[in-house]
Amino acid sequence: MKIIGTVSELKQAVAAARKASKTVGLVPTMGALHKGHLSLVKRATEENGFVVVSVFVNPTQFNNPEDLRTYPRTLEADVKLVESNTTADVVFAPSVEEMYPSKDTRMFDLSGVGEVMEGKMRPGHFNGVCQVVSKLFAFVTPDKAYFGEKDFQQIAVIRKMVRDCDFQIEIVDCPIVREDDGLAVSSRNVLLTPEHRAVAPRIHRVLAESTGKVKEMRPMELTKWVVSEVDAEPLLKVEYYEIVDGLSMQRIDSWEETDYAVGCITVQAGNVRLIDNIIYKKG
Ligand code: PAF
Numbered sequence: 137m138k139i140i141g142t143v144s145e146l147k148q149a150v151a152a153a154r155k156a157s158k159t160v161g162l163v164p165t166m167g168a169l170h171k172g173h174l175s176l177v178k179r180a181t182e183e184n185g186f187v188v189v190s191v192f193v194n195p196t197q198f199n200n201p202e203d204l205r206t207y208p209r210t211l212e213a214d215v216k217l218v219e220s221n222t223t224a225d226v227v228f229a230p231s232v233e234e235m236y237p238s239k240d241t242r243m244f245d246l247s248g249v250g251e252v253m254e255g256k257m258r259p260g261h262f263n264g265v266c267q268v269v270s271k272l273f274a275f276v277t278p279d280k281a282y283f284g285e286k287d288f289q290q291i292a293v294i295r296k297m298v299r300d301c302d303f304q305i306e307i308v309d310c311p312i313v314r315e316d317d318g319l320a321v322s323s324r325n326v327l328l329t330p331e332h333r334a335v336a337p338r339i340h341r342v343l344a345e346s347t348g349k350v351k352e353m354r355p356m357e358l359t360k361w362v363v364s365e366v367d368a369e370p371l372l373k374v375e376y377y378e379i380v381d382g383l384s385m386q387r388i389d390s391w392e393e394t395d396y397a398v399g400c401i402t403v404q405a406g407n408v409r410l411i412d413n414i415i416y417k418k419g
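Next up, the structure:
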């Protein structure tokens, strides 16, 4: 496996793979890799002849400087993890200057899917995601790119960006990977205090229990129920919970309105923002 830090070397490696008639898969990450990322990389290696894993903490998608400062950076361990658990070909780990030789002033059209939930709570976040992902797509020109469903809304935003920019890339969404106690695996979990870590599995427990209440509650009632059940734990505070159409990301008022209903939650656990979701129905 090669570790590459420059765009020109990355393009050369991809060109050589293309010359050898290999399909190309891309797994974009911000590092601090865990078993959730590994599941994406493994899927990518099963489906492509050549796989690039990017590791880059993208400053333009952080709307909170403290969050950017404290985001875990573990490149050496990341490389070891990818190398010893997968057959990926390249880890692309550029510097900020390499990714952004000049200020990226591009504004993406986030109307609809990118305006609600995370889009509302974290101004600029999705624009930054589109900036970095579109650059990675341009450098790697992958056939397929892999994203985890934990960041459910992010996938909808990236699909829109792919349509708007006319990228010929298949976006592959991969199921959430969970710890044994149900907590969605996330790079941010290592930042939890032991007390917050102990109560964090409550989020998935409540979401899972809520699927049994669809017949008796309308989406708005169920939303309130989820918020009150999670908030009953004093160390957790729901930032938002919304039951939305899984494609448009718009809130639904009745279960009949869509055949794809998803509940998206963000919870503040001390200084750490945890994100998760649950699918109520998928037609
Ligand atoms: O999901 C993430 O880790 C990031 O938002 C991504 C897609 C790698 C872009 O920086």
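All residue numbers for the sequence shown refer to this note's numbering, where the first residue is 137 and numbers rise by one. The beta carbon of each residue, even a glycine, is placed where N, CA and C say it ideally should be.
*In chain order, what residues of the same chain lie with their CB nearer than 8 Å to the CB of leucine 327, ignoring the 5 residues before and after it?*
Thr206, Pro208, Asn407, Val408
*For the ligand PAF, any of its heavy atoms closer than 7 Å to the Cβ of threonine 164?*
The sequence shown places proline at residue 164, not threonine. For the ligand PAF, at least one heavy atom lies less than 7 Å from the Cβ of proline 164.
*Proximity of valine 189 and threonine 210 at Cβ, strictly below 8 Å*: no
_Quick check on DSSP: helix, strand or coil for glutamine 304?_
coil
_Contact under 8 Å by Cβ, glutamate 254 with glycine 141_ = No, these two residues do not count as a Cβ contact at 8 Å.
*asked:* When you measure from the CB of asparagine 221 to every non-hydrogen atom of the ligand PAF, does any distance come out below 7 Å?
replied: no
_Looking only at its chain, what residues have a beta carbon closer than 8 Å to the beta carbon of alanine 153, apart from the 5 residues adjacent to it on each side?_
Val160, Gly185, Phe186, Asp225
_phenylalanine 283 - partner residues in DSSP beta bridges_ = As a beta-bridge residue in DSSP terms, phenylalanine 283 pairs with Asp309.
*Taking the Cβ atom as the reference point for each residue, do serine 270 and methionine 297 lie within a distance shorter than 8 Å?*
For the 8 Å CB-CB criterion, serine 270 and methionine 297 form a contact.
*May I ask whether a heavy atom of the ligand PAF can be found less than 7 Å away from the beta carbon of valine 265?*
yes
*Simplified DSSP state of valine 350, which is helix, strand or coil*: coil
*Taking 7 Å as the cut-off, does the CB of valine 268 come closer than this to any heavy atom belonging to the ligand PAF?*
It does: the Cβ of valine 268 is within 7 Å (strictly closer) of some heavy atom of the ligand PAF.
*In this structure, does DSSP put threonine 277 in helix, strand or coil?*
coil
*Which runs of the beta strand (DSSP E) spanning at least 3 residues fall entirely within the segment 359-403, listed in chain order?*
373-381
*Starting from the C-beta of lysine 286, find all residues in its chain whose C-beta is less than 6 Å away, skip the five residues before and the five after it, and write them out in chain order.*
For lysine 286, where only same-chain residues beyond five positions count, the Cβ hits under 6 Å are Ile312, Ala320.
*Which residue's Cα is closest to the Cα of valine 193: Phe228, Ser384, His332?*
Phe228
*Please confirm if the segment 261-275 is in contact with the segment 387-406, defined as three or more CB-CB distances below 8 Å between the two stretches.*
no
_Run of the beta strand (DSSP E) containing proline 164, from where it starts to where it stops_ = 160-165
_Only counting the same chain, and skipping five residues up and downstream in sequence, which positions put a Cβ closer than 7 Å to that of valine 380?_
If you ignore the 5 residues before and after valine 380, its C-beta comes within less than 7 Å of the C-beta of Gln386, Arg387, Ile388, Val398, Cys400, all in its own chain and listed in chain order.
*By the 10 Å Cβ neighbour count, where 16 or more other Cβ atoms means buried, how is glycine 468 classified, buried or exposed?*
No information on residue 468 is available, as it lies outside the stretch 137 to 419 that the chain covers here.
*Best match in Phe198, Asp240, Thr277, Thr222 for proximity to lysine 158 [C-alpha to C-alpha]*: Thr277
*State buried or exposed for valine 403, treating a residue as buried only when at least 16 other CB atoms are found within 10 Å of its CB.*
It is buried - the Cβ of valine 403 has at least 16 other Cβ atoms within 10 Å.
*Hey, serine 346 and isoleucine 414: beta-carbon distance below 8 Å or not?*
Going by C-beta atoms, serine 346 is nearer than 8 Å to isoleucine 414.
*Taking the C-alpha atoms as reference points, what is the distance between isoleucine 305 and phenylalanine 283?*
13 Å
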